[in-house]
Amino acid sequence: MMRVPRRLSLMLGLACLASLAAGPAQAEVSAETQYIFNTFSFLITGAFVMWMAAGFAMLESGLVRTKNTATICLKNIALYSIAGIMFYVIGYHLMYTDVGAFMGSLNLLYNPAEAELALINAEEATPELVEAAIAGGYASMSDWFFQMVFVATAASIVSGTLAERIKVWPFLVFTVVLTGVIYPIQGAWSWGGGFLAELGFSDFAGSTVVHSVGGWAALTGAIILGARKGKYGPDGRVNPMPGANLPLATLGTFILWLGWFGFNGGSQLALGSALDAAAMAIVFVNTNLAAAAGVVAAMLTAQMLFKKVDLTFALNGALAGLVAITAGPDLQNHLLAIVVGGVGGALVVLFVPLLDRLRIDDVVGAISVHLVAGVWGTLAVGIFGGGDLIAQIIGIVAVGAFVSAISAALWLGLKVTVGIRVSEEVEDLGLDKAELGMEAYPEFGYGSQRI
Amino acid sequence: MMRVPRRLSLMLGLACLASLAAGPAQAEVSAETQYIFNTFSFLITGAFVMWMAAGFAMLESGLVRTKNTATICLKNIALYSIAGIMFYVIGYHLMYTDVGAFMGSLNLLYNPAEAELALINAEEATPELVEAAIAGGYASMSDWFFQMVFVATAASIVSGTLAERIKVWPFLVFTVVLTGVIYPIQGAWSWGGGFLAELGFSDFAGSTVVHSVGGWAALTGAIILGARKGKYGPDGRVNPMPGANLPLATLGTFILWLGWFGFNGGSQLALGSALDAAAMAIVFVNTNLAAAAGVVAAMLTAQMLFKKVDLTFALNGALAGLVAITAGPDLQNHLLAIVVGGVGGALVVLFVPLLDRLRIDDVVGAISVHLVAGVWGTLAVGIFGGGDLIAQIIGIVAVGAFVSAISAALWLGLKVTVGIRVSEEVEDLGLDKAELGMEAYPEFGYGSQRI
Amino acid sequence: MMRVPRRLSLMLGLACLASLAAGPAQAEVSAETQYIFNTFSFLITGAFVMWMAAGFAMLESGLVRTKNTATICLKNIALYSIAGIMFYVIGYHLMYTDVGAFMGSLNLLYNPAEAELALINAEEATPELVEAAIAGGYASMSDWFFQMVFVATAASIVSGTLAERIKVWPFLVFTVVLTGVIYPIQGAWSWGGGFLAELGFSDFAGSTVVHSVGGWAALTGAIILGARKGKYGPDGRVNPMPGANLPLATLGTFILWLGWFGFNGGSQLALGSALDAAAMAIVFVNTNLAAAAGVVAAMLTAQMLFKKVDLTFALNGALAGLVAITAGPDLQNHLLAIVVGGVGGALVVLFVPLLDRLRIDDVVGAISVHLVAGVWGTLAVGIFGGGDLIAQIIGIVAVGAFVSAISAALWLGLKVTVGIRVSEEVEDLGLDKAELGMEAYPEFGYGSQRI
């Protein structure tokens, strides 16, 4: 695994561990203890990131209309499932080609010594076997799990933007390609040790590699799919189509915030030394400060511009702060974390109406949150000295061009073959009844505001 | 504690630890460090499992009708509480009789050295005391906590099936017996070192020991309690009574999925060696792959059979995949995990209508998910070489016969004494108003679909 | 950091660690391994506590009426954000003045050696630097993170009580002062090593320091703000204004319960020794037993008094049990944990109607839960021998007098300047439409029970 943000980690194999063991202070944590810490950190922080799938599901459930709510729930659980299977079948493969041990094999993803160790009884574990098994510094499947939940996050971003008018199965076909091919290929460029890594492109936990990827895929999809019926009047008027259940959207935001501690904190990629533990703590704090600043900045910006504080701006402000800090939460300057997150939160309040003026219909604001704040956060690493600004720009552009081009080709291919958009009748009726044959809230009566 | 799935764990007391300490490689993790890892793993993964109580509460809240929603919430928080108290008062006792230290005592569940250690100041901790305290390999109360949340899971399964027509207090009386007596006795047979353990019955985290137990108790209850009024027409017609809040059901499923990483991962029962860490990572990955496969298989099966993808099938597909893999997530073959989970997901789509044809009214599909997929997963361990198929069948039958017989006697006893079913008037009005004197959604108007 | 409940922890600096290292048994966990354990424990348990912010948001969203739901969501995410920023800017400073390293600096909150260590590559880490960096026993930012989520909890308590009639921005101004000044000053008295600590006042995780603080601030606010329009009839009648979404309130309770394992468990403040791990396990178990007892006691009390079991009593019973045990979950007597939690749960059922009789309008029952059960739990430590009863009473009174006085002054100051209460028209219309310009559930029709 080659995702080595900003500095060499402790986890680059036996040679590195052996050399560390020579130093008296580092030797205080034994290689096996390091292996356990690193593995447990991947598993627990990875579980936090998995939880973000629930966050997206709740955020999007809350921000669509009742007639499309069951469908967005279905898409969210389906895309998380597809992401996991595709990343197993091919994605991890494409992204981290240095993990040669499992090439060509579907059922053996780890190094043979680890597999053997995991199968035997404790008393049969010879020192040689243990040494060979822990040579990688962490359990290989714990790394796989952690990487897998990241690709799922990228896929989750797309569903919100395109909600309420895209067909279920073509959307899932797009997800198959996004998670199996598109995400892993661009991921290989930076985290897989490819040309962006060599250029010095720096993206700690994925402002560009994860969030902008979802954002670009969503943007091209939104353009090709078109806006929801009635969203934009002929006179340039924007018709609000408010989300049906804002407490759920709030819950989704809190879930994502919590999950982000795993997303950013786990991206330290190690816990086996004091250095890693200290760095992870800094990452947690900066992540929280940026999100908090995003909320406050979005609220103040909205209050100034619109004289009211829309709840959805506060929620998206938190998410934009989180996306923005994701490229560089390991910078120690906490004041900068507040600046980076705060700018992200303000940007959302500016870009949501801007996209509407461009008639790009983003149901949940995901493009402003994940693409705009993702680009901003990646640039901020260059601006504030955590990386080379030119390399950052090259990375943003390269990923954007690649993901947009492939996504556009794919969306267009799906459009001319199976079709990606439901009929007007289905859109009026709602996808829940038409595509799923059910309702999300079958008992509740509806008021006059239902469209 | 005797729950030692598939191989001797590292945690069998001082003798084992001492012998390990002799080997140069294993000695890299000191006994005290192992004790901390094992303890922290129990606590954190146990907290994840506790969270599954919230998952069941949300799943069931979303799948019942509005008029019974507050009642199902009440049952869920009450049953989790009762499970915790009963397992403290008697259950742990019955299940793990080898833990002799606390026999006969209500307020001292741990070994005396641990208790003493936990009370003193750090500088008073003599080497002898520490050594005596850590002899078990983990803090005894961390194990208690982990075991307790498992019994709560078994109890949670029952409430969903019997929703919308069972009286609150008799249901809670059943929960008292289930968690204090029924679950612990059958648990002792396998995890407590009883006859099933000696036979070679293998159930890593409880497809049979936990999930089928809840399923059998639910099945006998459903038969004795009868179907909801109007569910089955005289002409054999099945009247749909759709769940009132599907985003909540989706949330519940995601919560359960997250919690399952603790359920299966923590069932490695140790984290203090590279062997355990590697195995836990494999468990996480297989758990996720099986759930993902369950979703995809359920969606495809539903699409083929019914030409539509019901969201609840996708949700129950995830859960069935999780239940199915629970008996053997430590098998290293990830492709098999996909097969086991996928079959589980498909089975749910077949069994939900089948139970309806048998007029067994399972409000949330819990019998298909926890009993059917639980049996399948337990068999799969035998079929795919992780255990002896005959032993697996004996375990399934023994647990099923015992739990069904005692549950039936208890349900019948409650039926003829206090009664278990609400009156028809109460069922029409809804249990919330009748039994609790409140409504779950008091302000929302209701549409014509409300029954 | 001076929060050293009940006994000297392992974390008091290099001298202490060095002396421990001399003992053969304690030396089994190296200083660097201890540092990693302590840091990771702060981060993970702190993330659990952060999650409680979502719990309060859901609990309060479920217990207010639909017309004020979006506003309570906004307040909850805003107050968590403000708490984080204020505690960074000034709060931590005021509370733990012994952490001199960052005094006067906004962007460097940790010791310089840690900062340097976190910035460099692993191979540059000299033994001397590592030794200096780990001298504190844990990463300083991990402690900061853990302390920060506690102040957020105190702030969350206030919003529920004052819901449905307080203006958004003045409430947030109060939050600024509460989290930046009021909470830290009283916190310094006990956890910062101040006069209450010297008196022997004992509050393990904050029954008084956190929960009663929120409770006192809420109580003074409720008195000064007045009851909701129509809540109390002229004839002494109490008009019920039931919460609009009880599954959300149930979810919020489960979230809080889960988060409390971090709240209490993490308050052991260390994980780097067997002693700490054993103590943390005891804390988890007592926390769970107290909450479970709170549920059961509240249900039985409600059944006896009112002949029905209101769901909200069960939920608040759980929370009261949790608040009550928070002052002393490290007492090993599990039976006492049941008693302490059970009394807490029963107290809520008695105090909710009592406050109504006093015409103190507490929308969610937070005063009964956090103040009443917080006082009870703090007293219980003295009564059951875990502390000095006189010191406990002095602590309760000192904190109560200070927080009430400052809060009252602040509420009154806000009242006479910007005003704290919305107009009657706004209260009728709902704060969502009036202050936020939106609705929480815009599509749902409303029934006749809507007020």
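Residue numbers (numbering that gives the first Met the number 0), protein chains in the order written: chain A, 0 to 450; chain B, 0 to 450; chain C, 0 to 450. Note that CB positions come from ideal geometry on N, CA and C, so glycine has one too. If you're wondering where the values come from, they're calculated on a predicted model, not measured in any experiment.
* At which residue ranges does the segment 98-167 of chain A contain complete alpha helix (DSSP H) runs of 4 or more residues, listed in the order of the chain? -> 111-118, 126-132 and 139-160
* Using three-state DSSP, classify B/Y445 as helix, strand or coil. => Along the second sequence, read from residue 1 onward, the residue named residue 445 of chain B stands at position 446. B/Y445: strand per DSSP, three-state reduction.
* In this structure, does DSSP put A/V322 in helix, strand or coil? -> On the first sequence, position 323 is the one that residue 322 of chain A refers to. Helix.
* To do: Answer yes if the segment 211-228 of chain C comes into contact with the segment 405-423 of chain C, meaning at least three C-beta pairs across the two stretches below 8 Å, and no otherwise.
  => yes
* Asked: Under the three-state reduction of DSSP, which class applies to C/Y452: helix, strand or coil?
  -> The question about residue 452 of chain C has no answer, for chain C in this structure spans 0 to 450.
* To do: Report the neighbours of B/Y445 on chain A: residues whose CB is nearer than 9 Å to its CB, in chain order.
  => Along the second sequence, one-based indexing puts residue 445 of chain B at 446. Per Cβ cutoff of 9 Å: E442, F443 and G444.
* For A/E423, count neighbouring Cβ atoms within 10 angstroms of its own Cβ and tell me buried if that reaches 16, exposed if not. => Numbered from 1 along the first sequence, position 424 holds the residue referred to as residue 423 of chain A. Per the 10 Å Cβ criterion, exposed.
* Asked: How far does the alpha helix (DSSP H) with B/W410 in it reach, from first residue to last?
  -> For this step, residue 410 of chain B is matched to residue 411 along the second sequence. Per DSSP, B/W410 is one residue of the alpha helix (DSSP H) stretching across L388 to V415.
* To do: Please confirm if C/I76 has its CB atom under 8 Å from at least one CB of chain A.
  => Against the third sequence, residue 76 of chain C aligns to sequence position 77. Answer yes: the Cβ-Cβ gap between C/I76 and chain A drops below 8 Å somewhere.
* Whole-angstrom distance between A/G271 and B/A132, CA atom to CA atom -> Walking along the second sequence from the start, residue 132 of chain B turns up at place 133. Walking along the first sequence from the start, residue 271 of chain A turns up at place 272. Near 26 Å, if we compare the C-alpha coordinates of A/G271 and B/A132.
* To do: Could you say which of B/F283, B/V148, B/H92 and B/T311 lies nearest to B/V295 if we only look at CA atoms?
  => Along the second sequence, read from residue 1 onward, the residue named residue 295 of chain B stands at position 296. Out of B/F283, B/V148, B/H92 and B/T311, B/T311 has the C-alpha closest to the C-alpha of B/V295.
* To do: Give a yes or no on contact between the segment 354-367 of chain C and the segment 217-231 of chain C, applying the rule of three or more CB pairs nearer than 8 Å.
  => yes
* Asked: In its own chain, which residues sit with a C-beta less than 7 Å from the C-beta of B/S189, not counting the 5 before and 5 after it?
  -> One-based indexing of the second sequence puts residue 189 of chain B at position 190. Hits under 7 Å: L195, A196, F200, D202, V208 and G394.
* Asked: Hey, C/F41 and C/Y137 are a contact pair by Cβ (cut 8 Å); roughly how many whole angstroms apart?
  -> Locating residue 41 of chain C in the third sequence gives position 42, where the first residue counts as 1. Locating residue 137 of chain C in the third sequence gives position 138, where the first residue counts as 1. Contact between C/F41 and C/Y137 holds: CB atoms are separated by about 6 Å, below the 8 Å threshold.
* How close, in whole Å, do the beta carbons of B/A248 and B/L62 come, if the pair is a contact with beta carbons under 8 Å? -> Translated into positions along the second sequence, residue 248 of chain B becomes position 249. Translated into positions along the second sequence, residue 62 of chain B becomes position 63. So it is a contact: roughly 5 Å between Cβ atoms.
* When you check each C-beta in the segment 248-264 of chain A against every C-beta of chain C, which residues fall closer than 9 Å? -> A248, T249, L250, T252, F253, I254, W256, L257, F260, G261 and G264
* Residues, ordered as in the chain, of the segment 414-445 of chain A that lie near chain B by beta-carbon distance below 9 Å -> D431, E434, L435, G436, M437, E438, A439, Y440, P441, E442, F443, G444 and Y445
* Using 8 Å as the limit for Cβ to Cβ distance, is B/M140 near chain C? -> Within the second sequence, residue 140 of chain B is the residue found at index 141, counting from 1. Judged by the 8 Å Cβ criterion, B/M140 is in contact with chain C.
* Indicate whether the contact test is met: 3 or more Cβ pairs, each with one atom in the segment 178-189 of chain B and one in the segment 115-134 of chain B, closer than 8 Å. => Flag = no, the segment 178-189 of chain B and the segment 115-134 of chain B do not touch.
* Asked: C/V339 bridges to which residues according to DSSP?
  -> Your numbering for residue 339 of chain C matches position 340 in the third sequence. Answer by DSSP bridge pairing: none, since C/V339 is not bridged.
* To do: Taking 8 Å as the threshold, find out whether the segment 332-345 of chain A comes into contact with the segment 287-304 of chain A through three or more Cβ pairs.
  => yes
* Hey, is the segment 138-151 of chain A in contact with the segment 79-95 of chain A, meaning 3+ C-beta pairs nearer than 8 Å? -> yes
* Mind checking which residues open and close the alpha helix (DSSP H) that includes B/H369? => Start at 1 with the first residue of the second sequence, and residue 369 of chain B comes out as number 370. Per DSSP, B/H369 lies in no alpha helix (DSSP H) and is assigned neither H nor E.
* Asked: At least one CB of chain B closer than 8 Å to the CB of C/A24: is that the case?
  -> One-based indexing of the third sequence puts residue 24 of chain C at position 25. With a pLDDT of 36 at C/A24, under the threshold of 50, the modelled position of this residue cannot be trusted, and the question is left open.
* **Where the alpha helix (DSSP H) containing B/K74 begins and where it ends** => Stepping through the second sequence from its first residue, residue 74 of chain B is reached at position 75. Judged by DSSP secondary structure, B/K74 falls within the alpha helix (DSSP H) whose first and last residues are T68 to M85.
* Asked: If A/G225 and A/W410 are in contact, beta carbons under 8 Å, what's the gap, nearest whole angstrom?
  -> Stepping through the first sequence from its first residue, residue 225 of chain A is reached at position 226. Stepping through the first sequence from its first residue, residue 410 of chain A is reached at position 411. About 11 Å; that fails the 8 Å criterion.
* Could you check the C-alpha separation between A/V425 and A/A433 for me, to the nearest Å? => Taking the first sequence and counting its residues from 1, the one referred to as residue 425 of chain A is at position 426. Taking the first sequence and counting its residues from 1, the one referred to as residue 433 of chain A is at position 434. Going by C-alpha positions, A/V425 is about 6 Å away from A/A433.
* Asked: Short check: CB of A/A52 to CB of B/F253, under 8 Å?
  -> In the first sequence, counting from the first residue as 1, residue 52 of chain A sits at position 53. In the second sequence, counting from the first residue as 1, residue 253 of chain B sits at position 254. Their beta carbons are under 8 Å apart, which means A/A52 touches B/F253 by this criterion.
* Hey, out of B/G186, B/A336 and B/N244, whose CA is closest to B/F401's CA? -> Taking the first residue of the second sequence as position 1, residue 401 of chain B is located at position 402. Of the listed residues, the one whose Cα sits closest to B/F401 is B/G186.
* Drop a sphere of 10 angstroms on the beta-carbon of B/L318, count the other beta-carbons inside from all chains shown, and report buried for 16 or more, exposed for fewer. => In the second sequence, residue 318 of chain B corresponds to position 319, counting from 1. Buried.
* To do: Could you work out which residues of chain B lie near C/G307, taking near to mean beta carbons separated by less than 9 Å?
  => Here residue 307 of chain C refers to the residue found at position 308 when the third sequence is read from its first residue. Reading off the sequence, residue 307 of chain C comes out as Lys, not Gly. For a Cβ distance threshold of 9 Å, residue set E434, L435, G436 and M437 of chain B lies close to C/K307, ordered along the chain.
* To do: Look up B/V237 in the DSSP assignment and say whether it is helix, strand or coil.
  => Within the second sequence, numbered from 1, the residue matching residue 237 of chain B stands at position 238. Looking at B/V237 - three-state DSSP - the assignment turns out to be strand.
* Please compile the residues from chain B whose C-beta is within a distance smaller than 7 Å of the C-beta of C/R64. => As a first step, residue 64 of chain C must be located in the third sequence, where it is residue number 65. Within 7 Å Cβ-Cβ: E442.
* Asked: Which stretch, first to last residue, makes up the alpha helix (DSSP H) that contains B/Y91?
  -> Here residue 91 of chain B refers to the residue found at position 92 when the second sequence is read from its first residue. Element bounds for B/Y91: Y91 to M94.
* Measure the alpha-carbon distance for A/A124 versus B/A273 and round it to whole angstroms. => Locating residue 124 of chain A in the first sequence gives position 125, counting from the first residue. Locating residue 273 of chain B in the second sequence gives position 274, counting from the first residue. So the alpha carbons of these two residues sit roughly 10 Å apart.
* To do: List the DSSP bridge partners of C/Y231.
  => Here residue 231 of chain C is taken as the residue at index 232 of the third sequence, counted from 1. Note: C/Y231 sits in a beta bridge opposite C/V237.
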